[in-house]
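See below for the structure under consideration.
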Amino acid sequence: MGLLTHLTENDYEVSMSLACSCDFDPADFDSWWEGPGKLQLMPVLGRRKKCCACGSLINPGDEVFKFHRYRHIKSDIEERIYGDYAVPLAAAYTCEECSDLISAVEDLGMCYSLDEPIKDQVAEYMEAVRAYEMHIKKNPGKADEWSIEDFIGC
299 MGLLTHLTEN
309 DYEVSMSLAC
319 SCDFDPADFD
329 SWWEGPGKLQ
339 LMPVLGRRKK
349 CCACGSLINP
359 GDEVFKFHRY
369 RHIKSDIEER
379 IYGDYAVPLA
389 AAYTCEECSD
399 LISAVEDLGM
409 CYSLDEPIKD
419 QVAEYMEAVR
429 AYEMHIKKNP
439 GKADEWSIED
449 FIGC
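First residue of the sequence shown? That's 299 in our numbering, and the numbers climb one at a time after it.
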């Protein structure tokens with residue numbers, strides 16, 4: 299993946315898609331999502347939907363997370379229709395496997411992006427954890443000085 303860049307014999311620079319903070323300002327983005335809330339059953343729609351996190355097809359009745367998506371208002375007409383908050387877009391869904399990964403990421407207190415596959419984001423995190431463990435093995439005297447949160451930049 300090329301996630302880690304070797305700096306010195308004992309130090310690494312880590313870059314991840316997962317974020318330690320969930321704070322964001324919708325004004326900084328063209329569109330955004332809210333959710334996921336609780337697991338729910340995929341509704342019966344005209345046809346199957348694709349998982350927004352991995353692209354696999356979701357069958358009606360599968361357990362999914364539903365994400366409400368929005369974009370900024372672009373005209374006076376939209377503002378009269380939707381108010382001054384946002385224009386709702388079609389909901390996005392994650393398959394059961396990606397929903398489980400999202401739950402695990404949230405349990406860690408981290409945030410994720412629906413713009414990149416969640417499996418890739420979790421793999422990056424695991425690579426960072428392995429690098430942290432390797433760093434501690436190489437520097438056992440510094441084990442009390444470092445935590446995984448420090449290592450990944452939280």
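Glycine included, each C-beta is placed from N, C-alpha and C at the ideal position.
Reduced DSSP category for residue i - H, G, I as helix; E, B as strand; rest coil
i, result
"Val-362", "strand"
"Ala-429", "helix"
"Gly-344", "coil"
"Leu-305", "Residue placement at Leu-305 cannot be trusted, given a pLDDT of 30 that sits under 50; the coordinates are not used to answer."
Identified DSSP bridge partners for residue i
i, result
"Tyr-368", "Trp-330 and Pro-386"
"Gln-338", "Val-362"
"Cys-409", "Ala-317"
"Tyr-391", "Cys-349 and Lys-364"
Distance CB(residue i)-CB(residue j) smaller than 8 angstroms
i, j, result
"Ala-351", "Met-408", "no"
"Met-340", "Asp-360", "yes"
"Leu-399", "Val-427", "no"
"Ala-390", "Trp-331", "yes"
"Lys-364", "Ile-356", "no"
Enclosing alpha helix (DSSP H) for residue i [first to last residue]
i, result
"Ser-354", "Per DSSP, Ser-354 belongs to no alpha helix (DSSP H) and is neither H nor E."
"Glu-414", "First-last for Glu-414: undefined, no H or E at that position."
"Asp-323", "Asp-323 -> no alpha helix (DSSP H), and no H or E assigned at all."
"Arg-378", "374-380"
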